[in-house]
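J.: Going left to right, the sequence shown walks through residues 1 to 300 as UniProt numbering numbers them.
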Amino acid sequence: MSSSSKRRGVVGQDDEPRPSRRRHAAGRRKLLYLVLDDWKNGFSIYKIDPDALVDEGQGQGHLPEPPVVRLESPMGSVHHDRVFFSALGTKMLVFMNHRCAVVYDTETAAVSVGPHAPARMLCGSGVTVPAGGMVYALSHRYFDKEDPHAFHLMMQQQGKGGGWSWKTLPEPPPAELDAWVGLNLEGYVCCCRVASRSSDSESSSIIMTKEKLAYDYEGCWGDNRAMASLTYMNTSKFCVVETMMEDEDDDYCLAHQLRLTMFGLKYDRTGELRITNRRSTRSYLVSRHRYNFVPFAWWI
1 MSSSSKRRGV
11 VGQDDEPRPS
21 RRRHAAGRRK
31 LLYLVLDDWK
41 NGFSIYKIDP
51 DALVDEGQGQ
61 GHLPEPPVVR
71 LESPMGSVHH
81 DRVFFSALGT
91 KMLVFMNHRC
101 AVVYDTETAA
111 VSVGPHAPAR
121 MLCGSGVTVP
131 AGGMVYALSH
141 RYFDKEDPHA
151 FHLMMQQQGK
161 GGGWSWKTLP
171 EPPPAELDAW
181 VGLNLEGYVC
191 CCRVASRSSD
201 SESSSIIMTK
211 EKLAYDYEGC
221 WGDNRAMASL
231 TYMNTSKFCV
241 VETMMEDEDD
251 DYCLAHQLRL
261 TMFGLKYDRT
271 GELRITNRRS
281 TRSYLVSRHR
291 YNFVPFAWWI
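(1) Candidates Met208, Ala195, Trp180, Glu176: which alpha carbon is nearest valine 189's?
(2) From the DSSP output, read off the bridge partner residues of glutamine 257.
(3) Rounded to whole angstroms, what's the CA-CA distance from arginine 259 to arginine 99? Just pull it up for me.
(4) Quick one: Cα of residue 312 to Cα of methionine 244, how far?
(5) May I ask which residues mark the beginning and end of the beta strand (DSSP E) holding isoleucine 206?
(6) To the nearest angstrom, how far is the alpha carbon of proline 130 from that of leucine 88?
(7) I need the DSSP call for aspartate 38, collapsed to helix, strand or coil.
(8) Helix or strand or just coil, what does DSSP make of alanine 195?
(9) For alanine 109, name the three-state secondary structure that DSSP assigns.
(10) Per the DSSP calculation, valine 181 is bridged to which residue(s)?
(11) With leucine 213 and glycine 187 assumed to form a contact (beta carbons below 8 angstroms), what rounded beta-carbon distance in angstroms separates them?
(12) Is the beta carbon of serine 236 closer than 8 angstroms to that of phenylalanine 296?
(13) With a threshold of 6 angstroms on Cβ separation, who are the neighbours of glycine 184 within its own chain once the five nearest residues in sequence on each side are excluded?
(14) Applying the 10 Å Cβ sphere with the 16-neighbour rule, what's the burial state of tyrosine 291?
(15) Using 8 angstroms as the threshold, is the C-beta distance between tyrosine 46 and threonine 106 below it?
(16) Between which residues of its own chain and threonine 168 is the CB-CB distance below 6 angstroms, once the five residues before and five after are set aside?
(17) Would you tell me roughly how many angstroms separate the C-alpha atoms of histidine 80 and lysine 30, rounded to the nearest one?
(18) Going by beta carbon distance, what residues of the same chain come within less than 6 angstroms of arginine 70, once the five residues before and after it are set aside?
(19) Report all residues from its chain with a CB closer than 7 angstroms to the CB of lysine 266; omit the five preceding and five following residues, and keep chain order.
(20) Give the single residue among Gly264, Gly114, Ile206 whose Cα lies nearest to the Cα of serine 232.
(21) What whole-angstrom Cβ distance do leucine 138 and valine 286 have, given they're in contact under 8 angstroms?
(22) Assuming lysine 91 is part of the beta strand (DSSP E), what are its boundary residues?
(23) Hey, could you find the ends of the beta strand (DSSP E) arginine 70 is sitting in?
(24) Can you check which of these residues, Asp268, Val241, Lys40, Gly133, is closest to methionine 262 by C-alpha distance?
(25) Can you name the start and end residues of the beta strand (DSSP E) that tyrosine 232 belongs to?
(26) Which residues in the same chain as isoleucine 206 place their Cβ atom closer than 6 angstroms to its Cβ, once the five residues preceding and following it in sequence are excluded?
If you want it as structure tokens, here you go:
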């Protein structure tokens with residue numbers, strides 16, 4: 001899917017957007033869109049204004065009600081636990097096993113229907129990456145012993161059938177840090193510089209922050225008592241989304257603590273990775289109903 005005509009094909013818009021609409025979208029203020037499995041029949045998407053967050057210390061709050069949209073998972077004889085979310089431009093994409101994709105436009109609040117998820121994606125990890133106006137999915141190619149994991153491009157075909165085509169992932173675009181940024185199981189932010197084509201080195205060293213930013217998930221990630229995801233916002237700013245069971249003796253679908261932490265990153269004079277800007281942290285009390293779903297946020 002591209003951010004131009006190809007993306008519009010997914011949502012059923014055949015006409016070119018008017019220039020005034022493009023200018024409006026370019027100046028649109030972005031917000032965090034948080035996806036939660038907080039009801040038994042599906043998922044909720046909440047819109048959060050980072051500027052409205054208050055620092056932790058006032059107790060656990062509640063997410064803004066109502067959510068901007070609720071998505072009910074399809075029922076039937078086929079197992080539908082694998083639901084994948086992604087985003088491209090102003091649109092959030094929802095892929096369900098063997099079902100049509102759902103597209104929610106955060107700018108217009110319109111909900112549209114697209115093709116079902118690519119077959120390779122159904123066997124993948126659910127990891128998707130938007131880059132260069134395209135959406136890429138991490139697939140598991142069990143038939144390829146030398147390269148079992150690879151990112152592939154998902155884009156709607158312009159020809160007959162309205163299905164999906166695949167291409168390999170191009171070189172990542174340059175960014176402020178020029179690095180891949182992640183969150184390890186011990187709660188530290190780490191990054192690995194993007195490899196240069198002119199370099200003879202096959203790998204790059206990993207740099208880690210000295211300050212712990214999240215819970216220590218080592219030892220509890222496997223049983224899903226605690227989960228975390230990392231969202232890139234803009235200009236080296238990030239948001240960590242964490243969930244932790246309030247009472248481990250309760251059923252899984254009961255109370256969880258949701259914590260949002262926003263921060264900045266930069267390299268110092270010695271090349272060390274430092275957390276910058278004033279950290280904003282806020283906790284909420286939520287419920288969880290999907291054992292294998294990791295809550296995530298998009299900056300749209």
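Note that the Cβ used here is the ideal one computed from N, Cα and C, for glycine as well.
The structure presented is a predicted model; accordingly, all values stated were derived computationally and were not measured.
T.: Quick look at the numbers:
(1) The count along the sequence shown starts at 1 and reaches residue 189 at position 189. Valine 189 has its Cα closest to that of Met208, out of Met208, Ala195, Trp180, Glu176.
(2) Position 257 of the sequence shown holds residue 257. Paired residue(s): Met244, Leu285.
(3) Counting from 1 along the sequence shown, the entry for residue 259 is found at position 259. Counting from 1 along the sequence shown, the entry for residue 99 is found at position 99. Taking the straight line from one Cα to the other gives about 32 angstroms.
(4) Missing from the structure shown is residue 312; the chain here goes from 1 to 300 and no further.
(5) Here residue 206 corresponds to residue number 206 of the sequence shown, with the count starting at 1. Per DSSP, isoleucine 206 belongs to the beta strand (DSSP E) from 206-208.
(6) The residue you call residue 130 lines up with position 130 of the sequence shown. The residue you call residue 88 lines up with position 88 of the sequence shown. Between proline 130 and leucine 88, the C-alpha separation is close to 6 angstroms.
(7) Start at 1 with the first residue of the sequence shown, and residue 38 comes out as number 38. Aspartate 38 falls in the strand class under three-state DSSP.
(8) Within the sequence shown, numbered from 1, the residue matching residue 195 stands at position 195. Coil, per DSSP.
(9) Within the sequence shown, numbered from 1, the residue matching residue 109 stands at position 109. Alanine 109: coil per DSSP, three-state reduction.
(10) Along the sequence shown, one-based indexing puts residue 181 at 181. Answer by DSSP bridge pairing, in chain order: Cys191.
(11) Locating residue 213 in the sequence shown gives position 213, where the first residue counts as 1. Locating residue 187 in the sequence shown gives position 187, where the first residue counts as 1. Yes, they are in contact, since the Cβ atoms of leucine 213 and glycine 187 sit about 6 angstroms apart, within 8 angstroms.
(12) Here residue 296 refers to the residue found at position 296 of the sequence shown. Here residue 236 refers to the residue found at position 236 of the sequence shown. Going by C-beta atoms, phenylalanine 296 is not nearer than 8 angstroms to serine 236.
(13) Position 184 of the sequence shown, counting from 1, holds the residue named residue 184. It is worth fixing the name first, because residue 184 is asparagine in this sequence and not glycine. Once the five neighbours on either side are set aside, the close Cβ partners of asparagine 184 are Cys190.
(14) For this step, residue 291 is matched to residue 291 along the sequence shown. Result: exposed.
(15) As a working mapping, residue 46 is identified with position 46 in the sequence shown. As a working mapping, residue 106 is identified with position 106 in the sequence shown. Contact: no.
(16) Residue numbering aside, residue 168 sits at position 168 when the sequence shown is read from its first letter. Any reading at threonine 168 must be qualified, since the residue scores a pLDDT of 46, below 50, and its modelled position is unreliable; the value itself is stated next. Hits under 6 angstroms: none found.
(17) One-based indexing of the sequence shown puts residue 80 at position 80. One-based indexing of the sequence shown puts residue 30 at position 30. Residue placement at histidine 80 cannot be trusted, given a pLDDT of 49 that sits under 50; what the coordinates show is reported in the next sentence. Going by the C-alpha atoms only, they are around 31 angstroms apart.
(18) By 1-based counting over the sequence shown, the position of residue 70 is 70. The residues are Ser44.
(19) Within the sequence shown, residue 266 is the residue found at index 266, counting from 1. Same-chain partners within the cutoff: Ser236, Arg274, Thr276.
(20) On the sequence shown, residue 232 is found 232 positions in, with the first residue counted as 1. The question names serine, but residue 232 is tyrosine in the sequence shown. That would be Gly264, whose Cα lies nearest to the Cα of tyrosine 232.
(21) Start at 1 with the first residue of the sequence shown, and residue 138 comes out as number 138. Start at 1 with the first residue of the sequence shown, and residue 286 comes out as number 286. With 8 angstroms as the limit, leucine 138 and valine 286 do not qualify as a contact, their Cβ atoms being about 27 angstroms apart.
(22) Indexing the sequence shown from 1 puts residue 91 at position 91. Per DSSP, lysine 91 belongs to the beta strand (DSSP E) from 91-96.
(23) Taking the first residue of the sequence shown as position 1, residue 70 is located at position 70. Run containing arginine 70: 69-72, per the beta strand (DSSP E) assignment.
(24) Start at 1 with the first residue of the sequence shown, and residue 262 comes out as number 262. Nearest of Asp268, Val241, Lys40, Gly133 to methionine 262, Cα basis: Val241.
(25) Counted from its first residue, the sequence shown places residue 232 at position 232. Per DSSP, tyrosine 232 belongs to the beta strand (DSSP E) from 226-232.
(26) Taking the first residue of the sequence shown as 1, we reach residue 206 at position 206. Cys190, Cys192.
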